[in-house]
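Residue numbers (the UniProt record's numbering): 1 to 235. We treat Cβ as the ideally placed atom computed from N, Cα and C, and that holds for glycine. Beneath this line is the structure, given in structure tokens, with notes to follow.
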């Protein structure tokens with residue numbers, strides 16, 4: 001895996017698996033670390049995230065034993081943040097830790113009224129793995145119809161050639177939904193996004209029904225992977 005290049009900023013995604021005895025710590029840290037991370041020098045964007053198993057991407061999919069954070073940070077501050085008290089507290093309680101350092105290749109839409117990944121650049125390594133982050137704020141009166149439309153897309157996603165892993169992410173179990181996925185190549189991601197039948201239907205429904213009040217799709221070159229995101233995923 002290639003090392004971090006000379007980009008001014010990078011995006012880093014962490015996921016921590018914890019035991020059930022640490023779930024109360026996770027809920028507390030979701031509130032406290034949201035403030036602490038924003039005060040960390042060099043961070044321009046941060047979100048603490050709950051996760052889902054990736055089987056349905058509905059509230060019932062929530063996984064209380066895995067939590068994450070997505071941070072945009074000055075490249076020079078990355079390792080300092082990795083050694084910070086914020087990360088150390090999660091690391092101390094985790095049974096499994098995963099970190100991905102990412103470079104935005106494209107980013108469309110908004111997350112909390114901004115596009116945090118708008119510092120895009122060309123892919124530097126054509127053989128690198130690709131990550132995708134999606135995030136949407138669902139209109140309250142559209143939640144039920146959205147969840148009913150999700151299963152075919154999930155089946156299509158998990159059967160897609162080149163998919164390494166995909167999990168649900170969100171700042172809240174209802175109304176704020178997203179995904180984090182890893183792919184073997186940019187081609188594999190494009191094939192799912194533009195050629196998958198269920199995904200094409202979902203795109204048409206999105207345009208017709210208008211169930212999002214805010215949405216974002218971002219694609220990244222993977223610069224570095226560390227650890228394991230799940231027991232069944234080989235990176």
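Inter-residue Cα distance where the pair is residue i and residue j
| i | j | result |
| --- | --- | --- |
| residue 186 | residue 130 | 6 angstroms |
| residue 100 | residue 21 | 26 angstroms |
| residue 111 | residue 212 | 12 angstroms |
| residue 53 | residue 97 | 16 angstroms |
| residue 92 | residue 25 | 11 angstroms |
Residue i in three-state terms, based on DSSP
| i | result |
| --- | --- |
| residue 9 | strand |
| residue 82 | helix |
| residue 229 | coil |
| residue 168 | strand |
| residue 39 | helix |
| residue 103 | strand |
Residue i burial status per 10 Å Cβ neighbour count (16 or more: buried)
| i | result |
| --- | --- |
| residue 116 | buried |
| residue 107 | buried |
| residue 16 | buried |
| residue 221 | buried |
| residue 64 | exposed |
| residue 6 | Caution is warranted here: a pLDDT of 49 is assigned to residue 6, below 50, making its placement in the model unreliable, and the coordinate value is therefore given only provisionally. Exposed: under 16 other Cβ atoms inside 10 Å. |
| residue 27 | exposed |
| residue 170 | buried |
| residue 32 | exposed |
| residue 60 | exposed |
Presumed contact (8 angstroms Cβ cut-off) between residue i and residue j, rounded CB distance
| i | j | result |
| --- | --- | --- |
| residue 19 | residue 95 | 6 angstroms |
| residue 179 | residue 233 | No, residue 179 and residue 233 are not in contact; Cβ-Cβ is about 15 angstroms, not under 8 angstroms. |
Heavy atom of the ligand FAD within 6 angstroms of residue i beta-carbon
| i | result |
| --- | --- |
| residue 154 | This structure does not include the ligand FAD; it has no bound ligands of any sort. |
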